[in-house]
Each structure stands twice: as structure tokens, then as C-alpha cells.
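Residue numbers (our numbering), protein chains in the order written: chain A, 1 to 362; chain B, 1 to 362.
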């Protein structure tokens, strides 16, 4: 069977799939990509331990019907190297990829060596793809990185006040954002934040459909892709309990300027001492200071300050500050005390909230 | 003493110096940069085990006279972070760097803790800076990387046939290029290729002056910099002896197209087997083939072939081929036999020659 497809479409589809499919694995079947030809559609699919993925290329010429498998990263490299605008795939005992004067034979593998991948037929809800991607990107920084941090590495999805909420927390800080969608969830589900990062690459324009089959996966379907994300086991922490409600001191800041100043000042902060930046709020000014073995940096910013308290000295991990402010433009920073979490929201309210626990000032 | 300087000039000067000065060293004095203020000139200097460097900023306002030292990488980071167009340097017990609303104190160190740096007053010759940089860049790839490879990590400079010649070889390949200059050298000198790389960053427009003080260093002086490169000890190999003179088969190729084809085909080559690509020259065509555990790639290129022999089968490390052809446009590839070195030169002659020893074909 011979099919012809544009290089651009095929390279785009395999490059997305390749991000999920591991290049090495103790289970060799996991490194494979499956190609299914059905008329003018070519479907690429594969899996990792935490996700399944399928991307589809349409407008395939030649056609026929067949299923094949091969190492995903080999196929991806060959397709990306193709020198001509179109790529011919000739399936026999081997796959011969032909483009311009370049010809490559790739060993085929029996597709039965791959894990069985199933995508749901029915989806329960729809959501704007770009808004979903933005929501994931705006909170995922607050998730933990290290393996031992278990559920803290997750991104929780829950239905709250009629909206879909995405929440991440590593125990020292938290971020959530709300999205116009009815997930139909009775209790929160949690996906791994790093797999959610991959999902955002698939989320282009238009809408995607969402389902939670057997409450074991998050399944997302777009025009040219389907993806299953495994749900994490364990209970996501009861985060609302720790968000303060009383703020005796508040400031309004332009987030970009504030972040730039924190970055400059934190040059002198000691990475080994939590990258600490001191923050004195007083008289309509925020004074940022960092001190380490190399010297001391300081920057003073004018802010719009409101009471009832007139001053407060706090200390923060500089990175936690800049990440909390990252998704914001005009930001309201609300202090509940020197030793209590600070809260970051858009001025005038909005669908984003970040919280950062300060460092001890003594 | 207070001086003011534009951020752009200061950041440029410290960034160049910083590339030479190590960020960590068993000799802490080596991590320092020295600042000398003399009227409207600010000079930054520092050293590594293999090189000394000095960069100069002119148009400094304020002025005065003094010498100071501090960790180079700290100073560089602070200068780059400066938010305003100008930077004020206030020298006291500490250095206070002030730019816009940002202020940093950096601990100063006694400049006597730094190694003594001396640059020659007299230079023996002049060379076009851009041509010198191009010459270094076009041959340095052929130098060896690993520490144990001793003199093979070097770039040799010698005077030959009235020109300055730069040569690099790792024993498996070789490259040289000739430059219009009289180095006044009686025998070759060798500098470390990776330090020569750094020198190229200083080589902008105009001319630079060159000296070999006491045959112990290569010293280069430009309008706003001076640099000493230590000479390596040991004898550079007698490379001319191994360059073949008889070529029973030759082809002319467009280097860029040929390199692109080698890159595509070598996808299937085994990195652990010298990244081997087979090359069959026959009937006005070069057939490139690579085979590995994943499959087999092939590409056929039309070339201009000349005899007396009508065909030859060779094998090469793909990277050695692409690097040898890198500096060329229209290239002449001359074969002296399946087991003998191939030679790469510009069509119609020129100041560049590369040689690559083929892999065994059986």
C-alpha cells in the first residue's frame, strides 16, 4: 500500500504524538507509534504510562486500509528530515519513506506489541480550547516537581460555583483559575501537571470535548487529536481552608514591573536560602531587598497602598513571587500578616487567585 | 569616586571579559575582574589559566583614578540587570551600582589578590580582524576535544609560502586555511582551539595587532580589547606528510546540498559505530547510504565526476564529512583510494583544505 501526504501535516502530527510516546522504556511497546490508514485519513497513536494520544492527518492520497507500527522517534526524525513538500509512505515488509531524492526503510513491528488504546465515544461537555490551555498554563507552576511529592504534582479539576476550576499547590503556594464550563464532576479529579502541559500543545483554536470515562481518565477530543490523561490517586488537599480572608494591608502593583524588580533584586539572594527577598510595605512604597555573600540589592517601587495597617515586613522566595504574578497585569497583593499567606488577584476581581506562604523574617 | 557609563557599553565589555574569567576556580583570585578608572576610560581585566583579557569602555563620565576588584560574574549579572540606560558606579568600601530605581552593593576585593596581567607594548604585525575570525572558525572543528588528546586540542599558526596558516587536526581529519599576514614566526606555535573560539568574539571590524612575546603567548590588541592566549607545549604533528597528492577520482559538489543529504541519510547511522555513512561514487552520481538497527536510508546525488578511475566505495563518519564541507560553497572532493584520506577544497583552488580519513569499508 502506498499513500502520499504533505510533509507539513505529517511532521506536525508525529511531532505532537512523539512528545507523549517515550523514546526509551522498559516496556518496548510503549516506544512505538501506530499508523492506521483508512481511506484519506492517516491516524497516528501511541501511549506512555500516564497518557494515550492520537493525531489525525486528512487529505491523504492513495488510500487503502491497514495498520502498522514502528519506533515513534525514528519515524519522527525521518519525516522531519524529508526534503520535499510531500512524503510517500510505502508499506510492505518494511515502511519505505520517500521524499525527493531521499529514501528510508524503517523496520515495521506488529501493532499488537503496543498497548491497547481506547478513547471514549461519548463526551460530556465542551470547552473553549484556547481558554482551557490558558487556564492550565496560568496555574500549573504551583504544582510540585519531585516524585515523592505525590498528589502535589497534580493539577486538580473540580466544579465550583457553576464553573470549572483548575487548582495546583505544592504546599507552600497555590494557584487556581476558573473557566466557563460544566465538567459534570461531583468530586475533584487530579491529572499530572506535566501531562497537562503536553495537553496544552494540542489545544489550538475552536472547542474541544471533555469526558471522564469511569472516573479513571480525563479524555479530550479536538478536531485532529484525542488524548487520555490518567487520573492520579489520592485526595487533593482541602486548599480553601488555608486561604486567608482578612487582609489588614493591600497594595496594587503593575505585575510586569514588579516582577522585573524582584528579578533584579533577587540576583543577590542566596539560592541555597530559599532565594529570599525581603519586602517592606510602608508609606505607599514597596522596598525589595536581597542580601547574600556577594552583596546587597535594593529597589523601591511606588504602589497604591490601603490599610487598615500602615506597614508590614515580609520575606518571600523570589521565584514564588514572580510566578504568582506571572499571569496578572494589574495585580492586587493582599497581606494577612508577616507570617501568613499573601494573596494575589487581578485588580477588580477575576478568575485567578494565587497564594504564597512567606518565609520567616527572623 | 563616582563614574557614570552607558549600560550598553559596560554590559558589552563585562560580558566579553566574563567569558574568559572562570566563575569558579580553586584559585579564587581567578574569578575576579579588575576595574581601572583613568579619566574617561574604564578598563576591565581578568584571567583564566589559559588566557588574559582586557576590555575598555570609553566616554566614562565623572572620572578620577582608582583600581578595584570584585567577582566578575556577580558584577556582570548586576550590570545586565540594570533597568536604565546609564549605570552609576560609586566606589567606596563597597561598589554601589545604581541604575534607575535599582541599587546594588557589591563587596570589593583588593586587586592584589588577582594574578598580575601584562600585555606587550609592541606588536609585530597587523591582520584583518574579520578575516582572522573567519580563518579560526573555518578550521577549529578539526581539533580534538578530550583533555588527553594534548596538542591535538590546539590550533597551530605558522608562516608558510608567505602567508599565515592556521591548522587543526585530531589525527582522523585535518583542516587548514591561509591568511594574508606576516606572523614573523620561524616555527609553528599552538594555541588551545577553545580559547581561540573566545578570541573570535573579540574580533569585530578593522585590524588587530598581533605579537608572540617571548614565544610564550599569542597577544592580540584591538581598538577596545587586549588578549593573551597561552601557547601550548609540544610539537604539532607534521601534517603535510599525510596529505595525499594523487587523486584517481574526483567529484565537484554543491557543499550545502551535499551536507543536507549526508545529514538526512545519517539519521539511520549508528552513533556507536562512528556514525558511518557509505559513499559510492559511480557514473556521475554519489550514492549515500546508512544502515542501523532501525532501518536504512539512501540518497543519490548527481555530481560532476572525473577520473581516471570510474568508481570507488568509501565510508565516512557523517559528522567529519559535513564539518569538512562546512566552510565551502562549490567543493572539489578528491579521493586517493578507499582506504586513503579524501581531500576537500574550493573549486578552482583557494585558501582552505580539509582532509578526512575514511572508515574501513569491510
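All residues carry an ideal CB built from backbone N, CA and C; glycine is no exception. If you're wondering where the values come from, they're calculated on a predicted model, not measured in any experiment.
{"Check": "For residue 229(B), which of 334(B), 340(B), 156(B), 144(B) has the nearest alpha-carbon?", "Outcome": "156(B)"}
{"Check": "Could you tell me if residue 153(B) is buried or exposed, where buried requires 16 or more neighbouring beta carbons within 10 angstroms of its beta carbon?", "Outcome": "buried"}
{"Check": "According to DSSP, is residue 361(A) part of a helix, a strand, or is it coil?", "Outcome": "coil"}
{"Check": "Closest Cβ-Cβ distance between residue 372(B) and chain A: below 9 Å?", "Outcome": "A question about residue 372(B) goes unanswered here, because the residues of chain B that appear run from 1 up to 362."}
{"Check": "What would DSSP say about residue 344(A), mapped onto helix, strand or coil?", "Outcome": "strand"}
{"Check": "Label residue 327(B) either buried or exposed according to how many other C-beta atoms from any shown protein chain fall within 10 Å of its C-beta, with 16 as the threshold for buried.", "Outcome": "buried"}
{"Check": "Rounded to a whole number of angstroms, what is the C-alpha to C-alpha distance between residue 176(A) and residue 129(A)?", "Outcome": "18 Å"}
{"Check": "List, in chain order, every chain A residue whose beta-carbon is nearer than 7 Å to that of residue 106(B).", "Outcome": "294, 295"}
{"Check": "Can you tell me which of the three DSSP states residue 20(B) falls into?", "Outcome": "helix"}
{"Check": "Do residue 288(B) and residue 317(B) come within 9 Å of each other at the CB atom, strictly closer than that value?", "Outcome": "no"}
{"Check": "Identify the continuous beta strand (DSSP E) that holds residue 35(B) and give its terminal residues.", "Outcome": "32-38"}
{"Check": "Indicate whether at least one CB of chain B lies closer than 9 Å to the CB of residue 35(A).", "Outcome": "no"}
{"Check": "Tell me the residue span of the alpha helix (DSSP H) that contains residue 298(B).", "Outcome": "Element bounds for residue 298(B): not the alpha helix (DSSP H) but the beta strand (DSSP E), 295-302."}
{"Check": "Is residue 48(B) closer than 9 Å to residue 119(B) when the C-beta atoms are compared?", "Outcome": "no"}
{"Check": "Hey, how far is the Cα of residue 23(B) from the Cα of residue 35(B)?", "Outcome": "17 Å"}
{"Check": "Using the beta-carbon of each residue, which ones in chain B are nearer than 7 Å to residue 264(A)?", "Outcome": "81, 83, 102"}
{"Check": "Verify whether the separation of the beta carbon atoms of residue 141(B) and residue 330(B) is less than 9 Å.", "Outcome": "no"}
{"Check": "Which residue or residues does DSSP assign as beta-bridge partners of residue 50(A)?", "Outcome": "Answer is none; residue 50(A) lacks a bridge partner."}
{"Check": "Residue 79(B) and residue 14(B) look like a contact to me (Cβ under 8 Å); what is the Cβ gap, rounded to whole Å?", "Outcome": "5 Å"}
{"Check": "Do you know offhand how far residue 71(B)'s Cα is from residue 325(B)'s?", "Outcome": "42 Å"}
{"Check": "What is the DSSP secondary structure of residue 60(A), counted as helix, strand or coil?", "Outcome": "coil"}
{"Check": "Using a Cβ-Cβ cut-off of 9 Å, state whether residue 366(A) counts as contacting chain B.", "Outcome": "Within the shown structure, residues of chain A are numbered from 1 to 362, placing residue 366(A) beyond reach of any answer."}
{"Check": "Can you tell me the Cα-Cα spacing of residue 60(B) and residue 3(B), whole angstroms?", "Outcome": "7 Å"}
{"Check": "Assuming contact is defined by CB atoms lying nearer than 9 Å, are residue 297(A) and residue 270(A) in contact in what I supplied?", "Outcome": "no"}
{"Check": "Flag residue 189(B) as yes if its beta-carbon sits less than 9 Å from any beta-carbon of chain A, otherwise no.", "Outcome": "no"}
{"Check": "What residue does the beta strand (DSSP E) around residue 126(B) start on, and which one ends it?", "Outcome": "125-128"}
{"Check": "At a CB-CB cut-off below 8 Å, which residues of chain B make contact with residue 343(A)?", "Outcome": "Here the premise fails: no neighbours, minimum Cβ distance about 25 Å."}
{"Check": "Taking residue 103(A) as part of the beta strand (DSSP E), name the residues at either end of that continuous run.", "Outcome": "102-107"}
{"Check": "For residue 28(A) and residue 21(A), I'd like the C-alpha separation in whole angstroms.", "Outcome": "11 Å"}
{"Check": "Give a yes or no on whether 9 Å exceeds the smallest Cβ distance from residue 77(B) to chain A.", "Outcome": "yes"}
{"Check": "Round the Cβ separation of residue 183(B) and residue 164(B) to the nearest angstrom and send it over; I've been treating them as touching at under 8 Å.", "Outcome": "5 Å"}
{"Check": "How many angstroms separate the CA atom of residue 85(B) from the CA atom of residue 261(A)?", "Outcome": "16 Å"}
{"Check": "Going straight from the alpha carbon of residue 223(B) to that of residue 208(B), what length do you get?", "Outcome": "8 Å"}
{"Check": "Is the shortest distance between the beta-carbon of residue 305(A) and the beta-carbons of chain B less than 9 Å?", "Outcome": "no"}
{"Check": "Establish whether the CB of residue 71(B) and some CB of chain A are separated by less than 9 Å.", "Outcome": "yes"}
{"Check": "Mind pulling the chain B residues with CB within less than 9 Å of residue 325(A)?", "Outcome": "None at all; the shortest Cβ gap to chain B is about 17 Å."}
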